[in-house]
Structures are given as C-alpha cells and as structure tokens.
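Going by the numbering used here, the first residue of the sequence shown is number 672, and it counts up by one from there. Note that CB positions come from ideal geometry on N, CA and C, so glycine has one too. What follows is a set of notes on a single structure, which appears directly below.
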Amino acid sequence: SIMKCDVDIRKDLYANVVLSGGTTMYAGIADRMSKEITALAPASMKVKIIAVCLE
C-alpha cells in the first residue's frame, strides 16, 4: 500500500503507477484504476496510471 510507504515518496508513487500483464487488455482498466486510486488517495495527490499492453 502506498499509504504504508515513507511519506517522502508517496507523491512519486501515486504519480507513477504502471499496470502490465494480461489484465491491461481489458477495455477501460486504466480509467477504472485511476478512479479507484484517486478515491483512496489524499485530495492533493496527482494520480497517473500507465497501462502497458503489448499485443
């Protein structure tokens, strides 16, 4: 969990979430993860999701 990490690196972790593997092929997975993580993150945090899908 990001919230269990050191407070000094949380901003970087929220801004650099990378999804990979077969589940990234599902339509809308990056948007869904972004919404779910944003709901859990502090309001001041910028959340960025990168989904790597190699077809």
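Can you tell me which of the three DSSP states residue i falls into?
{"i": "A712", "result": "coil"}
{"i": "A701", "result": "helix"}
{"i": "I720", "result": "strand"}
Shorter than 9 Å from the beta carbon of residue i to some beta carbon of chain D?
{"i": "A701", "result": "Looking for chain D here will not work: only one protein chain is present."}
Between the Cα of residue i and the Cα atoms of the options, which residue gives the shortest distance?
{"i": "K717", "options": "Y697, S672, T695, R681", "result": "R681"}
{"i": "V723", "options": "V688, S715, A714", "result": "V688"}
{"i": "S715", "options": "M696, D683, K675", "result": "D683"}
Who are the near neighbours of residue i in its chain, counting only those whose CB is closer than 6 Å to its CB and skipping five residues on each side?
{"i": "I708", "result": "V718"}
{"i": "A712", "result": "Y685, V718"}
What does the Cβ neighbour count give for residue i, buried or exposed, with the cut at 16 atoms within 10 Å?
{"i": "Y685", "result": "buried"}
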